[in-house]
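If you count the sequence shown from 1, position 8 lands on 9 in the numbering used here, and the numbers rise without skipping.
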Amino acid sequence: MKEKLGFIGLGNMGLPMAINLLKADYQVYGFDTNTKAMEQFTAAGGFALETALDIAKQCDVIMTSLPTPQVVEWVYQSEQGILQHAKKGCLLIDFSTVNPELNDTLHTEAIASGLRYLGAPVSGGVIGAINATLTIMVGGDTDDYISASEIFRIVGKNIYHLGTSSSIGTRIKLLNNLMIGFYTEAVAETIVLGEKMGIQADTLYEVLNNSYGQSRIYERNYLEYMKNDNYEPGFSTNLLLKDLKLAKEMADEAGVSLRIGEKLVDLYSEIAQQGYGEKDMSAAYLSLKETCKLEQF
2 MKEKLGFIGL GNMGLPMAIN LLKADYQVYG FDTNTKAMEQ FTAAGGFALE
52 TALDIAKQCD VIMTSLPTPQ VVEWVYQSEQ GILQHAKKGC LLIDFSTVNP
102 ELNDTLHTEA IASGLRYLGA PVSGGVIGAI NATLTIMVGG DTDDYISASE
152 IFRIVGKNIY HLGTSSSIGT RIKLLNNLMI GFYTEAVAET IVLGEKMGIQ
202 ADTLYEVLNN SYGQSRIYER NYLEYMKNDN YEPGFSTNLL LKDLKLAKEM
252 ADEAGVSLRI GEKLVDLYSE IAQQGYGEKD MSAAYLSLKE TCKLEQF
């Protein structure tokens, strides 16, 4: 008999991940504060529960995919949280992107409560979650990783066990998102400058896609969003900004000066304040066009 799975956080990433587990014939119990997400989950065959506490009491494995460290802290550490009420031996898998110190704290507290914990942030966006092609960066005990390996194979494609530290995956994820911040602004500036000089965005992409300027972010941002004038968030500006702030905190603690990275926090804060916070991060292009008073291609 398969283990009873719980999934807390049925947002843009969590919902398709939970649905992929349902497709693999797992019994999945879910909770989210968003009623529409819960309806989609139950329509896919999931069992909706009323609180995170209910998930904690009933499930053998509990996964979380939550938007901010503050929400993660509440779900895990509050009086009604997972750490207080999960069954002994329960395996906790946090797919959220948080500060590394929180991973380490939750790991320590989980062990003290007779629980198991893996930090397992993901990369690949909504499309990766839907298609189960996510990269999963796992930190934690080897036996716990082995126990969770089937789950990881169902929701992802590139699975890395990076060591016994529960925060190592998060550190690498934040480095990844720091680079995403660089690339996203670079794509926006390149296309806007090209357009200002009369170069068609399609022509620019065709040439640079076969040059060293090519990147996955250029491909993603241009082909999936900018070209289609569609900025529904696969990964919102606000979430990128959150991760850039966490990356800066990580750099400060390491004593490393991020000569460009520190400026990115201010830049994406300004983009969010322009009204693009809930838009996809590729809306950095719209922000720059607005600033330059250029018409869209």
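Heads up, the beta-carbon is just placed ideally off N, CA and C, and yes, glycines get one too.
Checklist entry - Which residue's Cα is closest to the Cα of SER179: GLU225, ARG260, GLY157, VAL29? => result Position 178 of the sequence shown, counting from 1, holds the residue named residue 179. Sequence check: residue 179 is Leu here, not Ser. Put simply, of GLU225, ARG260, GLY157, VAL29 the residue whose alpha carbon is nearest the alpha carbon of LEU179 is ARG260.
Next on the checklist: What does the alpha-carbon distance come out to for the pair ASP144 and LEU163?
Outcome noted: The residue given as residue 144 occupies position 143 in the sequence shown. The residue given as residue 163 occupies position 162 in the sequence shown. Here the alpha carbon of ASP144 sits roughly 13 Å from the alpha carbon of LEU163.
Checklist entry - According to DSSP, what are the bridge partners of HIS162? => result In the sequence shown, residue 162 corresponds to position 161, counting from 1. DSSP output for HIS162 lists VAL139 as bridge partner(s).
Checklist entry - Going by beta carbon distance, what residues of the same chain come within less than 6 Å of LYS89, once the five residues before and after it are set aside? => result Locating residue 89 in the sequence shown gives position 88, where the first residue counts as 1. GLY115, listed in sequence order.
Checklist entry - From which residue to which residue does the alpha helix (DSSP H) around LEU1 run? => result This structure does not reach residue 1, given that the chain is present from 2 up to 298, and the question cannot be answered.
Item to check | Residues sharing a beta bridge with ILE63, DSSP | outcome: Taking the first residue of the sequence shown as 1, we reach residue 63 at position 62. According to DSSP, ILE63 bridges with GLY7, LEU93.
Checklist entry - Hey, how far is the Cα of GLU220 from the Cα of ASN159? => result On the sequence shown, residue 220 is found 219 positions in, with the first residue counted as 1. On the sequence shown, residue 159 is found 158 positions in, with the first residue counted as 1. Taking the straight line joining both Cα atoms gives about 20 Å.
Checklist entry - Just reading off the alpha helix (DSSP H) that VAL76 is part of, what are its end residues? => result Translated into positions along the sequence shown, residue 76 becomes position 75. Counting along the chain, the alpha helix (DSSP H) containing VAL76 begins and ends at 70-78.
Next on the checklist: Using CA atoms only, rank isn't needed, just tell me which of VAL127, LYS246, GLY278 is closest to VAL266.
Outcome noted: Position 265 of the sequence shown holds residue 266. For the residues VAL127, LYS246, GLY278, the minimum Cα distance to VAL266 belongs to LYS246.
Item to check | Cβ-Cβ separation, GLU51 to LEU84 (assumed contact under 8 Å), whole Å | outcome: Residue numbering aside, residue 84 sits at position 83 when the sequence shown is read from its first letter. Residue numbering aside, residue 51 sits at position 50 when the sequence shown is read from its first letter. GLU51 and LEU84 do not touch by the CB rule: their CB atoms are close to 19 Å apart, not below 8 Å.
Item to check | Where PHE183 sits in the DSSP three-state scheme | outcome: For the purposes of this step, residue 183 is identified with residue 182 of the sequence shown, where counting begins at 1. Under the three-state reduction of DSSP, PHE183 is assigned to helix.
Item to check | Helix, strand or coil at ARG303 according to DSSP, with G and I counted as helix | outcome: Residue coverage of the chain in this structure runs from 2 to 298, which leaves residue 303 outside it and unanswerable.
Checklist entry - Is the beta carbon of PRO68 less than 8 Å from the beta carbon of LEU240? => result For the purposes of this step, residue 68 is taken as residue 67 along the sequence shown, with counting starting at 1. For the purposes of this step, residue 240 is taken as residue 239 along the sequence shown, with counting starting at 1. Contact: yes.
Item to check | Assigned secondary structure, VAL193 (DSSP; H/G/I helix, E/B strand, else coil) | outcome: The sequence position of residue 193 within the sequence shown is 192, counting from 1. Helix, per DSSP.
Checklist entry - In the structure shown, what three-state DSSP assignment does ASP105 receive? => result What you label residue 105 is simply residue 104 of the sequence shown in a count that begins at 1. ASP105 falls in the helix class under three-state DSSP.
Item to check | Straight-line gap, ILE112 to SER212 (C-alpha atoms, nearest Å) | outcome: Locating residue 112 in the sequence shown gives position 111, counting from the first residue. Locating residue 212 in the sequence shown gives position 211, counting from the first residue. Answer to the nearest angstrom: the Cα atoms are 49 Å apart.
Checklist entry - Around the Cβ of ASP253, are there at least 16 other Cβ atoms within 10 angstroms (buried) or fewer (exposed)? => result If you number the sequence shown from 1, residue 253 lands on position 252. Label assigned to ASP253: exposed.
Checklist entry - Nearest CA to the CA of ILE7: which residue from PHE32, MET227, VAL156, GLY46? => result On the sequence shown, position 6 is the one that residue 7 refers to. Before going further, note that residue 7 is Gly rather than Ile in the sequence given. Distances from the alpha-carbon of GLY7 to those of PHE32, MET227, VAL156, GLY46 put PHE32 closest.
Next on the checklist: Once the 5 residues before and after THR185 are set aside, which same chain residues still bring their CB inside 8 Å of it?
Outcome noted: As a position in the sequence shown, residue 185 is number 184, starting the count at 1. The beta carbon of THR185 is closer than 8 Å to those of ILE218, ASN222, LEU241, MET282, SER283, ALA285 in its chain, skipping five residues each way along the sequence.
Next on the checklist: Whether or not the region 16-23 and the region 35-45 are in contact is what I'm after, with contact meaning three or more pairs of Cβ atoms, one per stretch, closer than 8 Å; do they touch?
Outcome noted: Judged by Cβ distances under 8 Å, the region 35-45 makes contact with the region 16-23, as three or more pairs qualify.
Checklist entry - Cβ atoms of ASP95 and VAL73: under 8 Å apart, would you say? => result Stepping through the sequence shown from its first residue, residue 73 is reached at position 72. Stepping through the sequence shown from its first residue, residue 95 is reached at position 94. Taking 8 Å as the Cβ cut-off, VAL73 and ASP95 qualify as a contacting pair.
Checklist entry - Closest by CA to VAL62, which one among THR171, LYS5, LEU23? => result As a first step, residue 62 must be located in the sequence shown, where it is residue number 61. Nearest option by C-alpha distance: LYS5.
Checklist entry - Pick from ASP230, GLY278, LYS3, VAL193: whose alpha carbon is nearest that of ALA25? => result As a first step, residue 25 is located in the sequence shown; it is residue number 24 there, counting from the start. Cα-wise, what sits closest to ALA25 is LYS3.
Checklist entry - In three-state terms, what does DSSP make of GLY12? => result On the sequence shown, residue 12 is found 11 positions in, with the first residue counted as 1. The three-state secondary structure of GLY12, taken from DSSP, is coil.
Item to check | Rounded Cβ spacing between SER237 and GLU196 (contact assumed at less than 8 Å) | outcome: Taking the first residue of the sequence shown as position 1, residue 237 is located at position 236. Taking the first residue of the sequence shown as position 1, residue 196 is located at position 195. Not a contact, Cβ separation roughly 24 Å.
Checklist entry - Across which residues does DSSP place SER237 in a beta bridge pair? => result In the sequence shown, counting from the first residue as 1, residue 237 sits at position 236. According to DSSP, SER237 bridges with ASP281.
Checklist entry - Can you find at least 3 beta carbon pairs, one from the region 223-234 and one from the region 45-59, that sit closer than 8 Å? => result Contact fails between the region 223-234 and the region 45-59, because fewer than three Cβ pairs, one in each stretch, are under 8 Å apart.
Checklist entry - Does the beta-carbon of MET138 have 16 or more other beta-carbons within 10 angstroms, so that it is buried, or is it exposed? => result The residue labelled residue 138 in the question sits at position 137 within the sequence shown. MET138 should be labelled buried.
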